[in-house]
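Enquirer: One structure is given below, represented as structure tokens, and several questions about it will come after.
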Amino acid sequence: MEAIKKKMQAMKAEKDNACERAETAESSAKDANVKAEKSEEEVRALQKKIQQVENELDQVQEQLTAANTKLEEKDKALQNVSFCKCKILHIIDRIADGAEESDIQRTDSLNADDEFLSLRCSSVQTEVISERQRRRTRSSGYPGLAFGSSIFSSGTLMKFSIISNELHNIQNVQLKRKKMRAMKDDLEASKESCDALNIRLQDEGRRREEAEGEVAALNRRIQLIEEDLERSEERLKIATQKLEEASQAADESERVRKALENRTNMEDDRISFLETQLGQARVIAEESDKKYEEVRRLMRKMLEHRSITDEERMDSLESQLKEARMMAEDADRKYDEVARKLAMVEADLERAEQRAEEGESWLVALRCWKETWKEPKNVQRAVRELEEELRVVGNNLKSLEVSEEKAQQREEAYEQQIRVMTAKLKEVSSTLMSLFFVPQAMQKEEEYEMTIRQMTAKLQEAEARAEFAERSVQKLQKEVDRLEEELMHEREKCHLLQEEVETTLKDLQSIRIGAREGEVQINFRRFGQHLLRTHRILSVVCRCLRVILALQYSRPNFRPTPSKVTVIAR
């Protein structure tokens with residue numbers, strides 16, 4: 001029973017460990033799923049970031065191209081402005097040196113269009129064109145010029161030409177001054193624009209450097225993102241493998257579902273067939289219900305009768321238990337009395353031994369020897385008495401063995417009674433299980449349960465007693481084996497004693513009595529030693545017998561016989 005309980009406890013512990021392992025595995029699987037979802041979200045976020053970075057790169061490249069185009073345009077504009085500055089300074093130098101008007105007019109007439117085209121200032125172009133138109137209108141509107149030389153003389157014409165040339169020179173000087181002022185303004189504006197462009201160029205260079213740094217940082221980020229992408233791709237591969245496995249499982253589940261659908265269709269057909277049979281079965285069930293009620297009434301009567309018989313059996317069992325208890329109490333009382341008597345007898349024996357040891361001396365040995373010498377028949381009687389005592393001891397040992405066998409038989413009988421009681425308990429439990437479904441027998445069932453509990457408690461006590469008895473029997477068996485070995489040694493000692501007695505007899509027979517002066521040559525010392533040895537051997541045998549009897553009386557199921565009592569008295 002203890003081994004079974006230990007096995008059950010071990011099985012429960014293994015079951016608890018398996019449940020804990022399953023829970024940990026489920027939690028780890030949930031954590032893995034959560035981590036996979038997080039990794040998927042991170043991959044999506046990284047993809048979005050990569051797209052944003054690519055868009056930013058495209059925008060930065062477009063801005064760079066636009067800035068490069070602007071720089072090229074500004075470089076061209078600066079080149080044109082520098083060319084115009086050189087031409088204007090050349091003209092100013094020629095005017096300052098006092099060049100001739102004809103040369104200036106020629107150069108003006110030849111290069112006016114080129115200068116006007118090269119100049120970017122629209123205000124200067126408009127002023128020059130307006131002055132030319134004024135000159136034309138004045139020359140055409142002047143009235144004296146229409147008639148030519150017919151009206152005026154050559155002198156007047158020369159004066160008019162001189163005046164017109166002077167006026168023309170004055171106007172040209174004014175125009176040149178205006179041009180110089182405009183050129184100065186343009187130069188200042190161009191200088192300011194150049195400074196602004198230089199500042200912009202510096203800013204754009206800085207921006208370009210910053211953009212290059214950002215591009216390098218973005219490249220580094222892209223490398224890191226690519227590494228993350230590789231890792232995420234590996235995770236995605238693992239996730240895809242898991243998804244494939246899940247898809248396979250889903251396919252299998254779909255197959256199973258289809259098979260179940262087919263089965264459900266088949267079962268629907270069966271249900272339709274069974275519904276037709278149900279109508280027939282209901283009619284049969286109504287008839288069987290009527291029969292069942294009749295049988296139930298009969299079974300109730302039978303079960304009530306059985307319950308009454310079971311109660312009677314329980315009463316008889318209780319009476320048997322009471323008798324067994326009374327028998328056990330009587331045996332315990334007898335055991336106590338016998339133990340007390342044993343203690344008394346042992347005390348008497350110890351006293352007798354002490355007296356015998358004190359009374360033994362060389363004089364008693366001499367007297368005994370003299371008596372035996374006078375009457376040699378006493379020696380033979382003593383030997384016979386010793387042999388009879390040995391026979392009595394052997395008979396006592398046999399009776400002890402017989403009593404031991406009887407005790408074993410009684411133990412077996414008790415075990416059989418325990419088995420019978422367990423079988424009866426099983427029968428009672430089966431009857432109680434049969435009575436469990438009867439509503440009227442619930443109260444009786446509770447009473448039976450109480451009695452069963454009491455009987456189980458009694459059985460447990462009986463089992464404990466049986467186990468204790470078995471242990472005590474084992475111990476006693478070991479002690480019996482030990483005492484048997486001691487008996488063998490004592491028998492050997494008895495044989496040696498017999499041999500010594502024979503030697504003593506031979507010595508007595510070989511005693512020489514001197515005819516002269518009645519001298520007797522006797523070995524008193526040897527004879528006294530033989531007597532002491534015999535006394536010691538007998539004392540050892542008595543002690544062994546006392547030990548055996550004490551062990552036999554110490555058994556719980558042992559009852560003393562009159563032969564044993566006589567042995568103890570002796």
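Start counting the sequence shown at 1; every next residue gets the next number (UniProt numbering). Glycine included, C-beta positions come from ideal geometry on N, C-alpha and C.
From H168, D195, E470, pick the residue whose C-alpha is nearest to that of R410; which is it?
Expert: Within the sequence shown, residue 410 is the residue found at index 410, counting from 1. Among H168, D195, E470, the Cα nearest to that of R410 belongs to E470.
Enquirer: Would you check if the distance between the CB atom of S272 and the CB atom of E42 is smaller than 8 Å?
Expert: Indexing the sequence shown from 1 puts residue 272 at position 272. Indexing the sequence shown from 1 puts residue 42 at position 42. Not in contact: S272 and E42 (Cβ atoms no closer than 8 Å).
Enquirer: From V215 to E188, what distance separates their C-alpha atoms?
Expert: The residue given as residue 215 occupies position 215 in the sequence shown. The residue given as residue 188 occupies position 188 in the sequence shown. The straight-line gap from Cα to Cα measures roughly 39 Å.
Enquirer: Can you say whether D315 is buried or exposed, counting buried as having 16 or more other CB atoms within 10 angstroms of its CB?
Expert: Locating residue 315 in the sequence shown gives position 315, counting from the first residue. Under this definition D315 is an exposed residue.
Enquirer: Could you give the distance in angstroms between the alpha-carbon of Q223 and the alpha-carbon of G213?
Expert: As a first step, residue 223 is located in the sequence shown; it is residue number 223 there, counting from the start. As a first step, residue 213 is located in the sequence shown; it is residue number 213 there, counting from the start. The alpha-carbon atoms of Q223 and G213 are separated by roughly 15 Å.
Enquirer: What separation, rounded to the nearest whole angstrom, lies between the Cα atoms of R300 and E286?
Expert: On the sequence shown, position 300 is the one that residue 300 refers to. On the sequence shown, position 286 is the one that residue 286 refers to. Between R300 and E286, the C-alpha separation is close to 21 Å.
Enquirer: Express the C-alpha separation of N165 and D186 in angstroms, rounding to a whole number.
Expert: As a working mapping, residue 186 is identified with position 186 in the sequence shown. As a working mapping, residue 165 is identified with position 165 in the sequence shown. If I take the Cα positions, the gap works out to 30 Å.
Enquirer: From this set, V34, L317, A182, H489, which residue's C-alpha is nearest V420's C-alpha?
Expert: The count along the sequence shown starts at 1 and reaches residue 420 at position 420. For V420, the nearest C-alpha among the options comes from L317.
Enquirer: Rank A196, E311, R206 by C-alpha distance to the C-alpha of M450 and give the top, closest one.
Expert: Position 450 of the sequence shown, counted from the start, is the residue given in the question as residue 450. Of the candidates A196, E311, R206, the one whose C-alpha sits nearest the C-alpha of M450 is E311.
Enquirer: Using the Cβ count rule (16 or more neighbours within 10 Å means buried), how would you classify S307?
Expert: Counting from one through the sequence shown, the residue named residue 307 turns up at place 307. By the neighbour-count criterion, in which a residue is buried when 16 or more other Cβ atoms sit within 10 angstroms of its Cβ, S307 is buried.
Enquirer: Could you check the C-alpha separation between K242 and L229 for me, to the nearest Å?
Expert: Taking the sequence shown and counting its residues from 1, one reaches residue 242 at position 242. Taking the sequence shown and counting its residues from 1, one reaches residue 229 at position 229. Taking the straight line joining both Cα atoms gives about 19 Å.
Enquirer: Go ahead and label M183 buried or exposed: buried means 16 or more other beta carbons lie within 10 angstroms of its beta carbon, across all protein chains shown.
Expert: Your numbering for residue 183 matches position 183 in the sequence shown. Classification of M183: buried, given that the 10 Å Cβ count is 16 or more.
Enquirer: For E56, count neighbouring C-beta atoms within 10 Å of its own C-beta (all shown protein chains included) and say buried if the count is 16 or more, exposed if not.
Expert: Your numbering for residue 56 matches position 56 in the sequence shown. Its Cβ having fewer than 16 others within 10 Å, E56 is exposed.
Enquirer: Work out the CA separation of A217 and residue 601 for me, nearest whole Å.
Expert: An answer regarding residue 601 cannot be provided, because it is not within the stretch 1 to 570 covered by the chain.
Enquirer: Using the beta-carbon count (16 or more within 10 Å), is L303 buried or exposed?
Expert: Mapped onto the sequence shown, residue 303 falls at position 303. Burial call: buried.
Enquirer: State the Cα-Cα distance for the pair I284 and K290, rounded to the nearest angstrom.
Expert: Taking the first residue of the sequence shown as 1, we reach residue 284 at position 284. Taking the first residue of the sequence shown as 1, we reach residue 290 at position 290. A straight line joining the alpha-carbon of I284 with that of K290 spans about 10 Å.
Enquirer: If we ignore side chains and look at the alpha-carbon of each, how far apart do H168 and K178 end up?
Expert: Against the sequence shown, residue 168 aligns to sequence position 168. Against the sequence shown, residue 178 aligns to sequence position 178. The straight-line gap from Cα to Cα measures roughly 15 Å.
Enquirer: So, for E14: in the same chain, excluding its five sequence neighbours on each side, which residues have a beta-carbon less than 7 Å away from its beta-carbon?
Expert: Sequence index remark: in the sequence shown, residue 14 carries index 14 (1-based). Cβ within range, chain order: n/a, list empty.
Enquirer: Exposed or buried, what is E492 when buried is set at 16 or more other beta-carbons lying within 10 Å of its beta-carbon?
Expert: The count along the sequence shown starts at 1 and reaches residue 492 at position 492. With fewer than 16 other Cβ atoms within 10 Å, it is exposed.
Enquirer: CA-CA distance, residue 579 and L175?
Expert: What the structure shows of the chain is the stretch from 1 to 570, and residue 579 is not part of that stretch, so it cannot be assessed.
Enquirer: Alpha carbon to alpha carbon, how far is Q474 from E461?
Expert: As a working mapping, residue 474 is identified with position 474 in the sequence shown. As a working mapping, residue 461 is identified with position 461 in the sequence shown. Each residue's alpha carbon lies about 20 Å from the other.
Enquirer: With 16 other CB atoms within 10 Å as the buried threshold, where does E490 fall?
Expert: Walking along the sequence shown from the start, residue 490 turns up at place 490. Buried, by the Cβ-count rule.
Enquirer: Please list, in chain order, all residues of the same chain as residue 581 whose beta carbon is under 8 Å from its beta carbon, the five residues on each side excluded.
Expert: Because the chain here runs from 1 to 570, residue 581 falls outside it and cannot be looked at.
Enquirer: Answer with buried or exposed for L496, where buried requires no fewer than 16 other C-beta atoms within 10 angstroms of its C-beta.
Expert: Residue mapping note: residue 496 aligns to position 496 of the sequence shown, counting from 1. L496 is exposed by the Cβ-count criterion.
Enquirer: Where R270 and A259 are concerned, what is the direct C-alpha to C-alpha distance, given to the nearest angstrom?
Expert: Within the sequence shown, the letter at position 270 stands for residue 270. Within the sequence shown, the letter at position 259 stands for residue 259. Cα-Cα distance, rounded: 16 Å.
Enquirer: In chain order, what residues of the same chain have a beta carbon less than 8 Å from the beta carbon of L89, not counting five sequence neighbours either side?
Expert: By 1-based counting over the sequence shown, the position of residue 89 is 89. Residue confidence for L89 is low, a pLDDT of 49 falling below 50, so the modelled location carries little weight; the figure read from the coordinates is stated next. Cβ within range, chain order: n/a, list empty.
Enquirer: Could you give the DSSP three-state label for N17: helix, strand or coil?
Expert: Walking along the sequence shown from the start, residue 17 turns up at place 17. N17: helix per DSSP, three-state reduction.
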